[in-house]
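Enquirer: I'd like to ask some things about the structure below.
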Amino acid sequence: MDYIVFDLEWNQCPYGKGQENERIPFEIIEIGAVKLNNEKQIIDQYHVLIQPRVYKKLHFRTKEIIQLEMKDLENGVAFYKAIREFLKWCGEEYRFCTWGNSDLLELQRNMKYYGVLQLLKGPLAFLDVQKLFSLDYEDGESRKSLEYAVDFLQLEKKKDFHRALADAWYTAQVFRKIDKDIAEQFYSIDCYQNPKKKEEELHVIYPGYEKYISREFSSKEDAMLDKEITGSRCFLCGKNVRKKIRWFASGQKNYYCLAYCPRHGWLKGKIRMKKTEKGNVFAVKTMKLTDEAEALQIKEKKEEIKRKRKEKRKQEKKSQSGI
Ligand SMILES: [Zn+2]
-13 MDYIVFDLEW
-3 NQCPYGKGQE
7 NERIPFEIIE
17 IGAVKLNNEK
27 QIIDQYHVLI
37 QPRVYKKLHF
47 RTKEIIQLEM
57 KDLENGVAFY
67 KAIREFLKWC
77 GEEYRFCTWG
87 NSDLLELQRN
97 MKYYGVLQLL
107 KGPLAFLDVQ
117 KLFSLDYEDG
127 ESRKSLEYAV
137 DFLQLEKKKD
147 FHRALADAWY
157 TAQVFRKIDK
167 DIAEQFYSID
177 CYQNPKKKEE
187 ELHVIYPGYE
197 KYISREFSSK
207 EDAMLDKEIT
217 GSRCFLCGKN
227 VRKKIRWFAS
237 GQKNYYCLAY
247 CPRHGWLKGK
257 IRMKKTEKGN
267 VFAVKTMKLT
277 DEAEALQIKE
287 KKEEIKRKRK
297 EKRKQEKKSQ
307 SGI
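Counting from -13, one number per residue, gives the positions in the sequence shown under the numbering used here.
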């Protein structure tokens, strides 16, 4: 299998968010990619400038960052043509690699805008090299800039950053320094094209945790009625285990629970509700092995939320009675 390391540059509405086209807030103007074989050797590269059709003037920040002028882009290729050409170049069997998770999202959003999203069937498994760098060299949580990683690994800086091909090339160089096992175990899933039916739902087991991505529901309340979403299964033994703390909401999007497996110990559950473009929701649930200390933190979090809710209710009563 080949690796396609790609990077995009995009433009946004030069007149501010108020006038942007919501279906395409970021218009892709450049694609750069390098192809690596299974041994991570660079075997090919791809570059294209794209002629803007939505925003015909460069946002000042775009101009500043990538050092391109509109006249450089005017002779570019139309996006719907460029994307076909790019995907053809990618080949049959490949995995996308990007720095962070926004390039794949914007690529699909642009494809949808031009009515060619069917060329790339999602949800898409990919390698987020920014995340992998953190897992291999830092704490797994941090997200550093590409230039930081290049400096950290003392890689040669031959090209300017912030042009698509150069950034793809740098990302590939960082990727080559990532431990093979880490890269294989911690792949990411892009859910811009989220599961629609039960059969499309995803269960992925990572070292130490399980991730489940549900189909769509009309509301989060509706989703929280689903047995699969609210279930607490230990991903190590496959058994449904008892919850010590039932799901409770924290903020608008998140729910937490705490479960205990007699064989494997504490499991921390988290559900994050994600909105689709049409306003439906789907759930991303993780069940993660945890320790006594973190179990206690969840308990405290729940108490804290309870306390705040009580306080709020008191205040509301007060204001209603006009005191
Ligand atoms: Zn278990």
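Every residue, glycine too, gets a C-beta built ideally from N, C-alpha and C.
Hey, would you say the C-beta of Leu132 is under 7 Å away from at least one heavy atom of ligand 1?
Expert: Every heavy atom of ligand 1 is 7 Å or more from the Cβ of Leu132, so no.
Enquirer: On a Cα-Cα basis, can you pick out the residue from Glu6, Glu142, Asp165, Asp167 that is closest to Trp155?
Expert: Comparing Cα positions, the closest option is Glu142.
Enquirer: Does DSSP classify Tyr1 as helix, strand or coil?
Expert: Coil, per DSSP.
Enquirer: Going by beta-carbon coordinates alone, are Val20 and Gln31 separated by less than 8 Å?
Expert: Yes; because the gap between Cβ atoms is below 8 Å, this pair is in contact.
Enquirer: Pairing CB atoms from the segment 78 to 88 with CB atoms from the segment 42 to 52, are three or more of them under 8 Å?
Expert: Result no; under three Cβ-Cβ pairs closer than 8 Å.
Enquirer: If you draw a straight line from the C-alpha of Gln346 to the C-alpha of Lys294, how long is it?
Expert: For residue 346 there is no data in the structure shown, the boundaries of the chain being -13 and 309.
Enquirer: Among all the DSSP beta bridges, which residues are the ones paired with Asn226?
Expert: Arg219.
Enquirer: Buried or exposed: where does Gly255 fall if 16 or more other Cβ atoms within 10 Å of its Cβ makes it buried?
Expert: Buried, since its Cβ has 16 or more Cβ neighbours within 10 Å.
Enquirer: Looking at the unbroken alpha helix (DSSP H) that takes in Asn96, where does it start and where does it end?
Expert: 88 to 99 is the extent of the alpha helix (DSSP H) around Asn96.
Enquirer: Runs of 3 residues minimum, wholly inside the segment 1 to 72: which ones carry the beta strand (DSSP E) assignment?
Expert: Taking only runs of at least 3 residues, the beta strand (DSSP E) segments lying wholly in the segment 1 to 72 are 12 to 22, 28 to 35.
Enquirer: Within 10 angstroms of its Cβ, does Lys43 collect 16 or more other Cβ (buried), or is it exposed?
Expert: That one is exposed.
Enquirer: By Cβ distance below 8 Å, which residues in the same chain neighbour His33 in space, the five residues on each side in sequence not counted?
Expert: If we look at His33 and ignore the five residues flanking it on each side, its Cβ neighbours are Glu16, Ile17, Gly18, Ala19, Ala150, Leu151.
Enquirer: Based on Cα-Cα distance, which residue from Thr276, Arg70, Ile257 lies nearest to Val267?
Expert: Taking only the C-alpha atoms, the option nearest Val267 is Ile257.
Enquirer: So, Ser218 versus Cys243, is the Cβ gap smaller than 8 Å?
Expert: Taking 8 Å as the Cβ cut-off, Ser218 and Cys243 qualify as a contacting pair.
Enquirer: Which class does Trp85 belong to by DSSP, given the choice of helix, strand or coil?
Expert: DSSP places Trp85 in coil when its eight states are reduced to three.
Enquirer: Tell me whether Ala169 is buried or exposed, calling it buried when 16 or more other Cβ atoms sit within 10 Å of its Cβ.
Expert: Buried, because 16 or more other Cβ atoms sit within 10 Å of the Cβ of Ala169.
Enquirer: Tell me Trp75's beta-bridge partners as DSSP assigns them.
Expert: For Trp75, which the question treats as bridged, DSSP gives no partner whatsoever.
Enquirer: Please identify the residue among Ala269, Thr84, Leu188 whose C-alpha is closest to the C-alpha of Ile215.
Expert: Of the candidates Ala269, Thr84, Leu188, the one whose C-alpha sits nearest the C-alpha of Ile215 is Ala269.
Enquirer: May I ask which residues mark the beginning and end of the alpha helix (DSSP H) holding Leu275?
Expert: From DSSP, Leu275 is part of no alpha helix (DSSP H) but of the beta strand (DSSP E) over 267 to 275.
Enquirer: For a test of your reading of the model: does the CB of Cys243 fall under 7 Å from any non-hydrogen atom of ligand 1? Yes or no.
Expert: No - ligand 1 has no heavy atom lying nearer than 7 Å to the Cβ of Cys243.
Enquirer: Going along the chain, which residues of its own chain have a beta-carbon closer than 7 Å to the beta-carbon of Phe234, five neighbours each way excluded?
Expert: Excluding residues within five positions, the ones whose Cβ falls inside 7 Å are Tyr241, Tyr242, Lys288, Ile291.
Enquirer: I believe Phe119 touches Val160 by the beta-carbon criterion, under 8 Å. Please report the beta-carbon distance rounded to the nearest angstrom.
Expert: With a Cβ gap of about 6 Å, Phe119 and Val160 count as contacting.
Enquirer: Might you give, ordered along the chain, the residues of its own chain that have their beta carbon closer than 8 Å to the beta carbon of His45, omitting 5 neighbours on each side?
Expert: The answer, listed in chain order, is Asn(-3), Gln(-2), Cys(-1), Pro0.
Enquirer: Where DSSP assigns a beta bridge to Tyr246, which residues make up the other side?
Expert: Tyr246 is bridged to Arg228, Trp252.
Enquirer: Got a sec: does ligand 1 put a non-hydrogen atom nearer than 7 Å to the Cβ of Arg228?
Expert: No; taking the cut-off as 7 Å, the Cβ of Arg228 has no heavy atom of ligand 1 nearer than that.
Enquirer: Going by other Cβ atoms of all chains shown within 10 Å of its Cβ, with 16 needed for buried, is Arg70 buried or exposed?
Expert: So Arg70 ends up on the exposed side.
Enquirer: Give the DSSP-derived three-state secondary structure of Asp122 in the structure shown.
Expert: In the structure shown, Asp122 sits in a helix (DSSP, three-state: H, G or I).
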